[in-house]
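So the structure is just underneath, and the comments pick up after that.
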Amino acid sequence: MSKQEKSIHLSESAQVDQQSVQPLPNSRKVYVQGSRPDIRVPMREISLHDTPTDFGGEKNAPVLVYDTSGPYTDPNVIIDVRKGLGDVRSAWIDARGDTERLDGLSSNFGQQRLNDAELTKLRFAHVRNPRRAKAGANVTQMHYARQGIITAEMEYVAIRENMKLQEARAAGLLSQQHAGHSFGASIPKEITPEFVREEIARGRAIIPANINHTELEPMIIGRNFLVKINGNIGNSALGSSIEEEVAKLTWGIRWGSDTVMDLSTGKHIHETREWIIRNSPVPIGTVPIYQALEKVNGVAEDLTWELFRDTLIEQAEQGVDYFTIHAGVLLRYVPLTAKRVTGIVSRGGSIMAKWCLAHHKENFLYTHFDEICEIMKAYDVSFSLGDGLRPGSIADANDAAQFGELETLGELTKIAWKHDVQCMIEGPGHVPMQLIKENMDKQLECCDEAPFYTLGPLTTDIAPGYDHITSGIGAAMIGWFGCAMLCYVTPKEHLGLPNKDDVKTGIITYKIAAHAADLAKGHPGAQIRDNALSKARFEFRWEDQFNLGLDPDTARSFHDETLPKESAKVAHFCSMCGPKFCSMKITQEVREYAAKIETVDVTVEQGMREQAERFRQEGSQLYQKV
Numbered sequence: 001m002s003k004q005e006k007s008i009h010l011s012e013s014a015q016v017d018q019q020s021v022q023p024l025p026n027s028r029k030v031y032v033q034g035s036r037p038d039i040r041v042p043m044r045e046i047s048l049h050d051t052p053t054d055f056g057g058e059k060n061a062p063v064l065v066y067d068t069s070g071p072y073t074d075p076n077v078i079i080d081v082r083k084g085l086g087d088v089r090s091a092w093i094d095a096r097g098d099t100e101r102l103d104g105l106s107s108n109f110g111q112q113r114l115n116d117a118e119l120t121k122l123r124f125a126h127v128r129n130p131r132r133a134k135a136g137a138n139v140t141q142m143h144y145a146r147q148g149i150i151t152a153e154m155e156y157v158a159i160r161e162n163m164k165l166q167e168a169r170a171a172g173l174l175s176q177q178h179a180g181h182s183f184g185a186s187i188p189k190e191i192t193p194e195f196v197r198e199e200i201a202r203g204r205a206i207i208p209a210n211i212n213h214t215e216l217e218p219m220i221i222g223r224n225f226l227v228k229i230n231g232n233i234g235n236s237a238l239g240s241s242i243e244e245e246v247a248k249l250t251w252g253i254r255w256g257s258d259t260v261m262d263l264s265t266g267k268h269i270h271e272t273r274e275w276i277i278r279n280s281p282v283p284i285g286t287v288p289i290y291q292a293l294e295k296v297n298g299v300a301e302d303l304t305w306e307l308f309r310d311t312l313i314e315q316a317e318q319g320v321d322y323f324t325i326h327a328g329v330l331l332r333y334v335p336l337t338a339k340r341v342t343g344i345v346s347r348g349g350s351i352m353a354k355w356c357l358a359h360h361k362e363n364f365l366y367t368h369f370d371e372i373c374e375i376m377k378a379y380d381v382s383f384s385l386g387d388g389l390r391p392g393s394i395a396d397a398n399d400a401a402q403f404g405e406l407e408t409l410g411e412l413t414k415i416a417w418k419h420d421v422q423c424m425i426e427g428p429g430h431v432p433m434q435l436i437k438e439n440m441d442k443q444l445e446c447c448d449e450a451p452f453y454t455l456g457p458l459t460t461d462i463a464p465g466y467d468h469i470t471s472g473i474g475a476a477m478i479g480w481f482g483c484a485m486l487c488y489v490t491p492k493e494h495l496g497l498p499n500k501d502d503v504k505t506g507i508i509t510y511k512i513a514a515h516a517a518d519l520a521k522g523h524p525g526a527q528i529r530d531n532a533l534s535k536a537r538f539e540f541r542w543e544d545q546f547n548l549g550l551d552p553d554t555a556r557s558f559h560d561e562t563l564p565k566e567s568a569k570v571a572h573f574c575s576m577c578g579p580k581f582c583s584m585k586i587t588q589e590v591r592e593y594a595a596k597i598e599t600v601d602v603t604v605e606q607g608m609r610e611q612a613e614r615f616r617q618e619g620s621q622l623y624q625k626v
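Heads up: the sequence shown begins at 1 in full-length UniProt numbering, then just goes up one per residue.
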């Protein structure tokens with residue numbers, strides 16, 4: 001069957017990506033129950049081997065790690081992408097009593113797609129009537145938080161962030177953690193549901209959780225929590241099927257993508273998004289202006305507020321959790337980009353700039369911002385206020401256009417908060433290392449500590465094909481300085497559409513950056529995994545080293561390239577230094593010798609005595625004849 005035929009019969013033929021449903025090695029899915037039976041928070045438990053008898057023969061407690069993979073890595077769950085994932089949140093939403101189930105879709109475009117018989121075999125077969133807030137109600141997590149209510153979602157993310165920290169301490173997994181430097185953040189020793197509520201009420205954190213995305217396993221984005229990462233997927237006019245995009249989703253969350261943005265610009269955007277949301281345990285973000293532009297055949301000047309409004313409702317009723325809205329691209333800022341090296345590089349920013357110039361009017365996303373807020377709070381869609389004027393080269397970093405827009409985003413944040421709508425701010429881009437902290441400081445000042453969400457930033461422009469590295473450097477830095485979520489960059493950035501391998505490489509690179517930032521900030525428990533892996537490395541527990549790593553498959557394959565035999569998995573050396581020059585083996589021999597004569601201090605003292613005696617026996621001569 002050809003790709004085209006397979007796509008046409010998708011509702012009957014779609015299959016899960018088999019690579020994405022295999023449990024990770026020596027790991028099992030565990031669930032931590034909250035205050036009610038239906039709050040079951042998933043985590044991944046990595047079992048470890050005992051310490052060899054040569055090193056004391058002790059048991060090593062399993063290590064819990066944050067798990068974004070959803071039910072896909074739970075062997076007890078039957079996955080059928082044609083039916084979508086199980087329901088996590090409906091009972092919580094129903095219990096609040098402030099939403100209603102609509103009789104059908106209220107978006108004109110959504111109705112047109114649903115009534116198009118030609119799309120039947122392509123469409124996700126189990127489209128549900130959407131929920132919406134009852135008249136006069138506000139259903140955002142921020143609204144509940146400001147009413148003093150701790151929702152099930154807030155309790156869920158508190159358990160998820162805390163990762164059974166008290167038990168880990170009791171098991172000795174956190175015997176050492178360096179003090180962090182958090183640049184004024186307010187990171188507590190333990191994450192509690194009340195702390196989560198306070199941070200959301202303050203606007204310092206968001207839980208992107210549309211009431212129509214009930215398959216969602218809630219997560220939180222904020223500077224006082226674990227640094228999160230986003231992965232992008234999406235088709236283009238050049239290709240990629242719906243099934244391929246769902247496979248990219250499941251592959252991305254397997255390796256640690258906390259949220260996923262669907263940036264589709266090709267055919268069947270509406271249908272692609274439905275399949276993705278119904279099969280996603282993580283928040284899904286979009287850039288609605290992309291689809292709106294498709295509806296006017298790519299002619300930016302033909303965009304209207306009415307058409308964009310319908311697009312927002314269409315996507316909100318499908319369950320999109322956050323929208324990138326480029327409402328800060330104002331008419332007066334556009335001329336400031338004229339002398340830039342790379343001009344306006346944001347797709348959404350360039351679309352709105354072109355519209356503003358064509359009509360010589362202010363950006364309709366800005367002038368209708370209050371109306372957008374009304375839509376957002378009816379479904380609990382979070383804002384991701386887009387940086388349409390972000391720098392596309394380090395030469396353009398921190399210029400008047402970029403910072404002018406940032407000030408406007410701060411103004412819009414306060415309007416969103418008046419509506420109790422959750423909001424985060426998007427950031428650059430291309431910024432050299434010495435200018436990164438200025439970006440973070442200015443964002444905190446302008447946007448009153450609303451979560452910052454950046455693309456990198458890339459710290460140099462000389463490495464096409466390696467921009468996951470140039471940006472990973474900047475991502476680690478800005479994550480340490482206070483950025484709440486990092487948008488991944490793949491090796492294909494600026495060059496082409498990423499494939500599955502590129503997606504994995506980008507995600508692993510950004511998981512490293514985010515974790516390095518958590519360590520530097522001093523997030524409670526951040527060092528547990530490092531300590532466990534370091535201990536395994538010193539004790540030559542090779543399998544534990546592989547399994548504790550972010551990418552066990554690659555670590556194992558690198559080791560096996562030079563030492564492929566199973567016996568090498570228990571050897572007390574690797575191919576880097578060999579058996580004679582392994583520093584850790586030599587250190588162990590020193591320890592063994594020290595243990596024989598009780599302590600290291602005794603060893604040193606005895607060695608000095610032995611050398612002194614030998615000196616005397618050889619005649620106390622400073623120099624000896626050869």
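Cβ atoms here follow ideal geometry from the backbone N, Cα and C, with glycine treated the same way.
Closest Cα partner of residue i within the set the options
i, options, result
"aspartate 399", "Pro335, Asp50, Asp370, Asp420", "Pro335"
"isoleucine 276", "Ala292, Tyr510, Thr259", "Thr259"
"alanine 416", "Gly392, Ala463, Leu389, His368", "His368"
"tryptophan 305", "Thr151, Leu412, Gly298, Ala292", "Ala292"
"proline 432", "Thr460, Phe452, Ala171", "Thr460"
"alanine 463", "Ser393, Glu426, Cys487, Asp448", "Ser393"
"glutamate 362", "Lys500, Thr470, His326, Val65", "His326"
"glutamate 118", "Asp551, His49, Glu271", "Glu271"
"alanine 152", "Ile39, Ala476, Arg529, Leu303", "Ile39"
"glutamate 294", "Leu331, Asn235, Arg254, Met261", "Asn235"
"glutamine 402", "Val329, Tyr366, Ile469", "Val329"
"leucine 435", "Gly410, Phe481, Ile469", "Phe481"
"threonine 324", "Tyr333, Leu312, Gln318", "Leu312"
"glutamate 215", "Ile150, Asn297, Lys83, Ile473", "Lys83"
"serine 471", "Gln443, Asp448, Gly506", "Gly506"
"leucine 406", "Asp441, Gln422, Lys377, Lys418", "Asp441"
"arginine 204", "Arg332, Gln33, Gly386, Ala450", "Ala450"
"leucine 165", "Thr192, Thr140, Met154, Glu314", "Thr192"
Endpoints, the alpha helix (DSSP H) within which residue i is located
i, result
"valine 503", "500-521"
"glycine 472", "467-481"
"threonine 562", "552-562"
"asparagine 212", "Run containing asparagine 212: none; DSSP gives neither H nor E here."
"aspartate 310", "305-318"
"threonine 272", "269-278"
"leucine 336", "No alpha helix (DSSP H) holds leucine 336; DSSP gives it neither H nor E."
"leucine 533", "528-538"
First through last residue of the beta strand (DSSP E) which encompasses residue i
i, result
"arginine 40", "40-46"
"tyrosine 322", "322-325"
"isoleucine 229", "228-233"
"leucine 548", "Here leucine 548 belongs to no beta strand (DSSP E); instead the alpha helix (DSSP H) covers 542-548."
"leucine 486", "485-487"
Beta-bridge partners of residue i, as assigned by DSSP
i, result
"tyrosine 66", "Met43"
"glutamine 33", "Arg40"
"threonine 408", "DSSP, once it has assigned bridges, lists no residue as partnering threonine 408."
"glycine 222", "Ala205"
"phenylalanine 452", "Ile425"
"isoleucine 284", "Val260"
"methionine 433", "Looking at the DSSP assignment, methionine 433 forms no beta bridge with any residue, so it has no partner."
"serine 27", "Ile46"
"leucine 458", "His430"
C-beta neighbour in chain B for residue i, strict 9 Å
i, result
"leucine 216", "The structure shown contains no chain B, having only a single protein chain."
**OP:** At 4 residues or longer, and completely inside the stretch 90-177: list those alpha helix (DSSP H) runs for me, N to C.
**Re:** 90-96, 108-114, 141-146, 152-162, 165-170
**OP:** Count the CB pairs spanning the stretch 379-391 and the stretch 205-216 that are closer than 8 Å, and state whether there are at least three.
**Re:** yes
Original post:
Pairing CB atoms from the stretch 99-119 with CB atoms from the stretch 35-45, are three or more of them under 8 Å?
Top reply: With contact defined as three or more Cβ pairs closer than 8 Å, the stretch 99-119 and the stretch 35-45 are not in contact.
Original post:
Given 8 Å as the limit, is there contact between the stretch 348-366 and the stretch 175-185, that is, 3 or more CB pairs closer than that?
Top reply: With a cut-off of 8 Å, the stretch 175-185 and the stretch 348-366 do not count as touching, because too few Cβ pairs lie within range.
**OP:** Examine the Cβ distances between the stretch 241-249 and the stretch 212-225 and report whether three or more of them are shorter than 8 Å.
**Re:** no
Original post:
Unbroken alpha helix (DSSP H) runs of length 4 or more, entirely within the stretch 236-262: which are they?
Top reply: 242-255
Subject >> At least three beta-carbon pairs within less than 8 Å, the stretch 223-231 to the stretch 55-64 >> reply: no
**OP:** At 3 residues or longer, and completely inside the stretch 340-421: list those beta strand (DSSP E) runs for me, N to C.
**Re:** 382-385
Original post:
So, do the stretch 161-169 and the stretch 180-198 have three or more beta carbon pairs nearer to each other than 8 Å?
Top reply: Enough Cβ pairs lie closer than 8 Å, so yes.
Original post:
Is the number of C-beta pairs between the stretch 126-142 and the stretch 96-105 that are closer than 8 Å three or more?
Top reply: yes
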